[in-house]
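Numbering (this note's numbering), first residue to last: 1 to 383.
First the structure, in the form of C-alpha cells, and then the observations on it.
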Amino acid sequence: MTNLLVEDTTASSQPIVSGRAKNAIELRGIRKSYGDEVALHELDLDIVDGEFFCLLGPSGCGKTTTLNIIGGFVGATAGVVSVAGVNVTKLPPNRRPINTVFQSYALFPHLNVIENVAFGMRMAKVSKPERLKRAQEALDLVGLGTFSDRAVTKLSGGQAQRVAVARALVNKPKVLLLDEPLGALDLKLRKRLQTELSIIQRQVGTTFVFVTHDQEEAMGLADRIAILNGGRIEQIGTPEEIYRRPCSRYVAEFIGESNILPGRKEGDVFHLENGAQVPISGDAPEDTTSIVIRPESLRIAANGFIDAEIVSRAYLGATTRIVMRLSGSEQLVVSSLSDHALEDLDGTGLEIGQTVTLAWSTKAAHPLVEQLEKKENHNGKSA
C-alpha cells in the first residue's frame, strides 16, 4: 500500500545543510518581551527543509518561546517568521502549515485511537473513507497499526505519544514542532522513542523542530542544534561541531563534561596558570585565553604534559570517571574505558592519591577566546 505520508515529498533522507539549501523556517529579528522582561533578543535562525533540528538549553533560555512563536501560539514583539518562504508572522496557528506535539499528548479521551488521529481531517471535511485510510497509514508508520480501535485511556505513555505523533503527521505538515514530547517518560522508554522518532522523521522527510533541555537527547536526535542562553542563540552546529568545537565557555560546560584550562598562548606553547607548559595548535588564535579538553581525550602517559594527583574514581559500567587535581586547586576529569581505567602503564592498579602524568593530542585541545565570546555568538551576531 502506498504511504500517503511519504508520497510527494522531495526532502532528502540526509538533509543538506548549506548556504544553498532550501529553508523550511526563517526567523529574522525575532524579539519577545513581557513588559520589561526580554525573553528573546533579535533572534535570527534558518532551519533547513527536511532536517531534524533541536532547540536546546536550560529552563528559561527562550527555547519554548521560540517554538511557540514559530507555531503562532505566541506573537513576537518584533521580527518576521517565514515558513517555506511565506511570511506567516500574522497568521494564527490553524493557518500555518505546522503541527505540534506536546509533552501532555493532548488526546481526546472520548475518542478511540484512529478517531484521534483522524480528528483534524474530520474537521476539514475530508471524506470518511479517505481520512480512515490516511489515519491507518499514520498509525502503521508509528508502529501502532493494530491499535486503531483501542481506547486512548488504555494506552501506555509511550503509545499515547506515538498516537500524538501520528495525528500531527497525518495532514503532512511542512513542519512538525515537538515541545519536550518525551520528558514525562522513563529513561528506557525515552531512549527507545528517540530512535523511533528519528526513523519516522527520515521516512516522512518532514522538518522536525524539537525542544529539549536534555543534551544527550539533542545530540542523539539532531542534524543540527541551536543552543540558547538568556534569550540568545549561543551556537548553531551539528552535534559533533558543538561538542568538539564549542564557541564559548557556556557551550563547553553545557554540552557534556569539559576540562577548561585558562592560560595564555605563545607560539605553539600554552602557558597554564599553574606554570605548566603544554602544546597547542599553531593555528589557535594568539589571544587564546583557555583550552577545552574533553575527558575522553585525556590519557595517562609515561611522558605526559602535566602531573596530576588522583582524587577520586567512579566505576560507571562501560567507562570509569577519574577526577584528578593539578598543582594548585585546578581539577581535571578523565573518562576512560573501564577495561583500561584501573591500570597504569606498568599494569599496577591506580590508587587514590597517586600522581600520574597526563597527555592529549594537540587537536583535542580546543582554544577559546574569552573576550570574543562575550561580544559575538557563533553566527557573528552581536550578543
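Here a beta-carbon is modelled for each residue, glycine too, at the ideal position from N, C-alpha and C.
Quantities reported herein were computed from a predicted structural model and do not represent experimental measurements.
Under the three-state reduction of DSSP, Thr77 is assigned to coil, being neither helix nor strand. By the C-beta density criterion, Arg95 is exposed, having fewer than 16 other C-beta atoms within 10 angstroms. Under the three-state reduction of DSSP, Ala308 is assigned to strand.
Rounded to whole angstroms, the gap between the alpha carbons of Ala135 and Gly79 is 36 Å.
Of the other Cβ atoms in all chains shown, 16 or more fall within 10 Å of the Cβ of Arg131; this residue is therefore buried.
At a Cβ-Cβ threshold of 7 Å, Ala166 and Leu139 count as neighbours. Counting C-beta pairs with one atom in each stretch, the stretch 296–316 and the stretch 352–361 have three or more that are closer than 8 Å, which means they touch. Residue pairing for Gln235: DSSP places it in a beta bridge opposite Ile227.
Boundaries of the beta strand (DSSP E) around Ile260: Asn259 to Glu266. A distance below 7 Å separates the beta carbons of Thr207 and Gly50. A distance of 7 Å or more separates the beta carbons of Val48 and Asn116. By the Cβ rule, the stretch 319–335 does not count as touching the stretch 241–251, because fewer than three pairs are nearer than 8 Å.
Per the coordinates, the alpha-carbon of Ile199 lies some 49 Å from the alpha-carbon of Ser327. Straight across, the Cα-Cα distance linking His271 with Leu221 is about 38 Å. CA-to-CA, the gap between His41 and Glu370 works out to about 21 Å. Judged by pairs of C-beta atoms under 8 Å, the stretch 74–88 does not touch the stretch 251–265, as fewer than three such pairs exist. In this structure, Gln103 is the residue among Lys125, Gln103, Gln235 and Glu273 with its C-alpha nearest to the C-alpha of Arg190. Rounded to the nearest angstrom, the Cβ distance from Thr100 to Leu177 is 4 Å, consistent with a contact under 8 Å. In the DSSP assignment, Ser33 falls within the beta strand (DSSP E) that extends over Asn23 to Tyr34.
About 13 Å separates the beta carbon of Ala218 from that of Cys61, a gap too long to meet the 8 Å contact definition.
A distance below 7 Å between beta-carbons, with the five flanking residues on each side excluded, links Ala151 to the following residues of its chain, in chain order: Asn112. Ranking Ile300, Val323, Gly317 and Ser290 by CA distance to the CA of Pro367 puts Ser290 first. Taking C-beta atoms as the reference points, Ile306 and Leu358 count as a pair closer than 7 Å. Scanning the stretch 155–221 for uninterrupted beta strand (DSSP E) segments of 3 residues or longer gives 175–179 and 207–212, listed from N- to C-terminal end. Of the residues Ile236, Val170, Val74 and Pro129, the one whose Cα lies closest to the Cα of Gly120 is Val170. Counting only runs of 3 or more residues that sit fully inside the stretch 67–120, the beta strand (DSSP E) segments are 78–83 and 98–102, in chain order. CA-to-CA, the gap between Gln235 and Val292 works out to about 16 Å.
Closest by C-alpha distance to Ile30, out of Asn23, Leu67 and Lys22, is Leu67. With a threshold of 16 other beta carbon atoms within 10 Å, Pro181 meets it and is buried. Using a Cβ distance threshold of 7 Å, Val175 and Ile98 count as a contacting pair. Just so you know, the alpha carbons of Lys22 and Gly75 end up roughly 25 Å apart. If the five residues before and after Leu27 are omitted, its C-beta is found closer than 7 Å to the C-beta atoms of Leu43, Asp44, Leu45, Gly79 and Val81, all from its own chain and listed in chain order. With contacts defined as CB atoms closer than 7 Å, Trp360 and Leu261 fail to qualify as a contacting pair.
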